[in-house]
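Protein chains in written order, with the numbering used here: chain A, 1 to 226; chain B, 227 to 452; chain C, 453 to 678.
The C-beta atom is built at its ideal place from N, Cα and C for all residues, glycine as well.
For reference, the structure discussed in these notes is given below.
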Amino acid sequence: MSDVPKSSKIGNNVVLEEGVTIGEKVVIGHNTIILKGTDIGNNVEIGSNCVLGIQPSGNQRMRKIDESSKQLIIKNGTRIGHGVSIYSGTIISQNVFIGDQASIRENVSVSEETVIGRAAIIELNSTIGKRCTIQTLAYVTGDTILEDNVFIGPCVSMSNDKYMGAEEYTLKGPIIKEGAKIGNNASLLPGIIIGRESIVGAGSVVTKNINNYEIVAGVPARRIRS
Amino acid sequence: MSDVPKSSKIGNNVVLEEGVTIGEKVVIGHNTIILKGTDIGNNVEIGSNCVLGIQPSGNQRMRKIDESSKQLIIKNGTRIGHGVSIYSGTIISQNVFIGDQASIRENVSVSEETVIGRAAIIELNSTIGKRCTIQTLAYVTGDTILEDNVFIGPCVSMSNDKYMGAEEYTLKGPIIKEGAKIGNNASLLPGIIIGRESIVGAGSVVTKNINNYEIVAGVPARRIRS
Amino acid sequence: MSDVPKSSKIGNNVVLEEGVTIGEKVVIGHNTIILKGTDIGNNVEIGSNCVLGIQPSGNQRMRKIDESSKQLIIKNGTRIGHGVSIYSGTIISQNVFIGDQASIRENVSVSEETVIGRAAIIELNSTIGKRCTIQTLAYVTGDTILEDNVFIGPCVSMSNDKYMGAEEYTLKGPIIKEGAKIGNNASLLPGIIIGRESIVGAGSVVTKNINNYEIVAGVPARRIRS
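What follows is the structure, encoded as structure tokens:
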């Protein structure tokens with residue numbers, strides 16, 4: 001069991017593995033599991049039934065794991081809901097909000113004041129800017145870049161494998177520039193660049209890059225205004 | 227620990243906070259957490275690893291929380307699966323079925339005999355009628371109204387914010403009238419009215435209101451029959 | 453409590469119900485619940501907060517439950533993530549990988565070396581071949597058949613009820629032939645046959661059968677090459 005400051009409050013049946021660091025005024029719900037090498041800042045709130053600091057795993061058909069992924073860092077003032085899972089090798093910055101049942105993989109960076117919705121998933125090696133909103137059930141694939149102030153609507157889907165496993169391909173997620181907004185249930189293809197302050201309509205399928213300030217919609221997505 | 231009637235059966239490592247009320251012949255699975263102010267009727271079955279009675283939370287970038295959300299009420303004969311999360315300020319009526327990993331936010335009302343599928347999400351301030359079916363992974367956004375006997379297919383997506391956070395907007399979910407059926411993975415825009423006993427085809431994107439008894443499909447959805 | 457071989461390692465607060473069989477060199481994370489009648493082979497790894505061996509449940513509006521679903525079998529070398537739920541009456545073969553928060557229903561068979569992604573859902577009575585990849589948040593409806601080497605992209609949605617509950621209908625999921633690939637967020641209608649080594653583009657809505665080796669895209673999906 002790790003040292004817990006007196007100002008922090010830990011629920012029932014919580015597991016804190018060796019080498020976990022807990023800041024001041026932290027609140028942790030019941031049945032939450034914090035695995036070794038997790039570093040939790042001050043004023044962090046964590047719900048019940050979470051698993052934090054997971055070491056990556058896989059089988060022989062999956063991509064090789066970076067064994068150097070060692071630590072999960074959660075900075076001051078961040079709030080994490082119930083049933084959330086976060087991997088090691090990831091940094092969650094100050095004042096981030098992570099909804100219930102969300103999950104965040106290894107080697108991800110989430111910047112200040114970003115909101116990650118309920119059951120949203122951020123895959124490995126992704127970089128999420130400041131003050132982004134990633135809504136409920138949105139899926140951010142591996143190797144994705146979101147600049148600051150990006151809005152990802154509910155149920156948005158992304159992919160990073162052009163050949164769906166059939167050929168060798170360097171996996172590339174979308175690159176979404178500052179202030180862009182993606183409507184609910186839109187689909188983004190691998191490596192697509194979404195321009196600054198552009199808007200993608202709900203349910204669109206984006207197969208080509210989108211210029212800055214452009215508004216697109218449809219299947220495939222076409223410019224409707226700019 | 228609350229008083230538990232002898233006819234009720236509580237699993238291992240269950241947390242029942244102060245002021246929780248448990249009816250007769252209730253079954254609660256292992257590791258489930260029931261937070262203060264939750265009122266559970268007779269013959270209710272609850273699975274393992276649930277968190278019930280969650281107080282709303284947020285950060286400064288999210289909408290203001292109604293601090294008056296005080297109690298979660300679950301009425302007689304309702305069955306709740308494993309890993310489910312339900313917030314306070316919500317009423318779940320008699321004989322409702324809630325699948326595993328579903329989540330239901332604060333200030334929601336779910337009426338008799340409705341079925342909520344596995345991993346489906348009902349956001350805050352929504353009203354769900356009687357005998358509705360909300361299938362697996364469906365997303366019901368905040369401020370949505372479903373009348374009675376509505377069918378929401380798997381992976382249906384809804385939105386309630388016309389400007390995706392860019393401008394002030396009174397959030398409006400869809401209004402779905404009695405007996406309407408929405409096909410799997412369809413997308414509904416904010417404030418859309420879906421007419422009585424109308425049908426929306428799978429994968430459609432609904433951008434305009436739909437009349438009673440109309441059948442629509444496509445992107446954007448157009449009438450194919452009525 | 454069941455007999456656990458000395459070579460196996462069980463986390464804190466784990467519940468092993470009566471009649472559970474645990475093989476050699478098994479690792480089980482914290483707070484995981486293994487219900488009666490579950491049979492776990494050698495070298496299996498299971499994460500935290502899982503519920504395995506769930507007996508089917510329902511309410512009077514749902515389809516009748518097969519009460520003969522008695523046992524969950526997990527074969528040698530399989531790895532299961534955190535927060536996973538699996539029902540009884542299901543067989544998971546050797547060296548399968550199941551991501552966090554995935555769920556698999558009763559009477560399902562998953563063959564060797566298949567990868568099931570994070571939060572993916574496999575509904576009841578489905579048959580999944582060898583070396584398939586079912587990506588994150590994909591939804592495999594009930595009564596679906598996947599042959600070997602099938603690729604299902606992230607957020608793919610399927611349905612099995614042509615009349616959405618309005619008429620009597622024998623539920624039929626899609627049949628996806630060997631080596632077919634389905635792009636992210638595509639929608640498949642009930643009973644559709646997807647031909648051998650065919651490709652379905654991201655975001656497509658598949659309303660008709662697809663021939664072997666055909667490439668289709670769009671809403672509704674049309675042939676773009678073969």
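Check: So, for Ser-555 (chain C): in the same chain, excluding its five sequence neighbours on each side, which residues have a beta-carbon less than 6 Å away from its beta-carbon?; Outcome: Ser-537, Ile-573
Check: If the criterion is Cβ atoms closer than 7 Å, does the pair Glu-113 (chain A) and Arg-287 (chain B) meet it?; Outcome: yes
Check: Pick out the complete beta strand (DSSP E) segments inside the region 59-110 of chain A, 3 residues or longer, and give them in chain order.; Outcome: 72-74, 85-87, 90-92
Check: Using a Cβ-Cβ cutoff of 7 Å, what residues of the region 560-582 of chain C are near chain A? List them in chain order.; Outcome: Glu-565, Val-567, Arg-570, Ala-571
Check: Short check: CB of Asn-43 (chain A) to CB of Gly-77 (chain A), under 7 Å?; Outcome: yes
Check: How would you label Asn-13 (chain A), buried or exposed, when you count the other beta carbons within 10 angstroms and need 16 or more for buried?; Outcome: buried
Check: Rounding to the nearest angstrom, what Cα-Cα distance links Ile-176 (chain A) and Pro-220 (chain A) in this structure?; Outcome: 18 Å
Check: When Cβ atoms are compared, which residues of the region 34-55 of chain A fall closer than 8 Å to chain B?; Outcome: Glu-45, Gly-47, Ser-48, Asn-49
Check: Looking only at DSSP bridge pairs, what is Tyr-591 (chain C) linked to?; Outcome: C:Ile-573
Check: Report all residues from its chain with a CB closer than 7 Å to the CB of Gly-368 (chain B); omit the five preceding and five following residues, and keep chain order.; Outcome: Glu-349, Leu-350, Asn-351, Ser-352, Asn-386, Leu-397, Gly-399
Check: What number of angstroms, rounded off, separates the C-alpha of Leu-372 (chain B) from the C-alpha of Gly-355 (chain B)?; Outcome: 6 Å
Check: In three-state DSSP terms, what is Gly-279 (chain B)?; Outcome: strand
Check: When the cut-off is 7 Å and only beta carbons count, does Cys-607 (chain C) lie next to chain A?; Outcome: yes
Check: In this structure, what does DSSP give as the bridge partners for Asp-39 (chain A)?; Outcome: A:Thr-21, A:Ile-73
Check: Assuming Lys-558 (chain C) and Ser-540 (chain C) form a contact by the criterion Cβ under 8 Å, report the distance between their Cβ atoms to the nearest whole angstrom.; Outcome: A small fix is needed here, since residue 558 (chain C) is Glu in this sequence, not Lys. Their Cβ separation, rounded to whole angstroms, is 6 Å, which keeps Glu-558 (chain C) and Ser-540 (chain C) in contact under 8 Å.
Check: List, in order along the chain, the chain C residues whose C-beta lies closer than 7 Å to that of Gly-141 (chain A)?; Outcome: For clarity, residue 141 (chain A) is Thr in the given sequence; the question names Gly instead. Within chain C, the residues near Thr-141 (chain A) are Pro-606.
Check: So Lys-407 (chain B) contacts chain C; which residues on that side make the cut at Cβ distance below 9 Å?; Outcome: Tyr-615, Met-616, Gly-617, Ala-618
Check: Measure the alpha-carbon distance for Tyr-365 (chain B) versus Ala-119 (chain A) and round it to whole angstroms.; Outcome: 11 Å
Check: Just to confirm my understanding: we take Val-668 (chain C), look at its own chain, exclude 5 residues before and 5 after, and list those with CB closer than 8 Å. What are they?; Outcome: Ser-650, Ile-651, Val-652, Gly-653, Ser-656, Val-658, Ile-662, Arg-674, Arg-675, Ile-676
Check: Classify Ser-452 (chain B): buried if its beta carbon has 16 or more other beta carbons within 10 angstroms, exposed otherwise.; Outcome: exposed
Check: If you run the structure through DSSP and keep just helix, strand and coil, what is Leu-16 (chain A)?; Outcome: strand
Check: Assuming contact is defined by CB atoms lying nearer than 7 Å, are Lys-97 (chain A) and Val-115 (chain A) in contact in what I supplied?; Outcome: Rather than Lys, the amino acid found at residue 97 (chain A) in this sequence is Phe. Result yes, Cβ atoms of Phe-97 (chain A) and Val-115 (chain A) sit closer than 7 Å.
Check: Among B:Ile-248, B:Gly-307, B:Glu-440, B:Lys-407, which has the Cα closest to the Cα of Lys-614 (chain C)?; Outcome: B:Lys-407
Check: Between Ile-91 (chain A) and Gly-117 (chain A), is the Cβ-Cβ spacing less than 7 Å?; Outcome: no
Check: Under the rule that 16 or more other beta-carbon atoms within 10 Å means buried, what is Asp-100 (chain A), buried or exposed?; Outcome: buried
Check: How many Å lie between Thr-588 (chain C) and Pro-231 (chain B) at the Cα?; Outcome: 42 Å
Check: Using 7 Å as the limit for Cβ to Cβ distance, is Arg-674 (chain C) near chain B?; Outcome: no
Check: Could you name the residues of the same chain whose beta carbon sits closer than 6 Å to that of Ala-186 (chain A), not counting the 5 residues immediately before and after it, in chain order?; Outcome: Val-156, Val-200, Ser-204
Check: In this structure, what does DSSP give as the bridge partners for Ile-28 (chain A)?; Outcome: A:Ile-10, A:Ile-46
Check: What does the alpha-carbon distance come out to for the pair Ile-306 (chain B) and Ile-272 (chain B)?; Outcome: 5 Å
Check: Quick one: is Arg-61 (chain A) near chain C, going by C-beta distance under 7 Å?; Outcome: yes
Check: Assign Leu-171 (chain A) to one of three DSSP states: helix, strand, or coil.; Outcome: coil
Check: Would you mind working out which of C:Val-478, C:Glu-469, C:Asn-636, C:Glu-666 sits nearest Val-503 (chain C), comparing C-alpha positions?; Outcome: C:Glu-469
Check: Kindly list, in the order they appear in chain A, the residues whose Cβ is closer than 9 Å to that of Gly-535 (chain C).; Outcome: Asn-49, Val-51, Gly-83, Ser-85, Gln-101, Ser-103
Check: Tell me which residues share the same chain as His-308 (chain B) and place their Cβ nearer than 8 Å to its Cβ, disregarding the 5 neighbours each side in the sequence.; Outcome: Gly-255, Gly-273, Ser-274, Asn-275, Cys-276, Asp-326, Gln-327
Check: Would you tell me roughly how many angstroms separate the C-alpha atoms of Ile-646 (chain C) and Leu-524 (chain C), rounded to the nearest one?; Outcome: 29 Å
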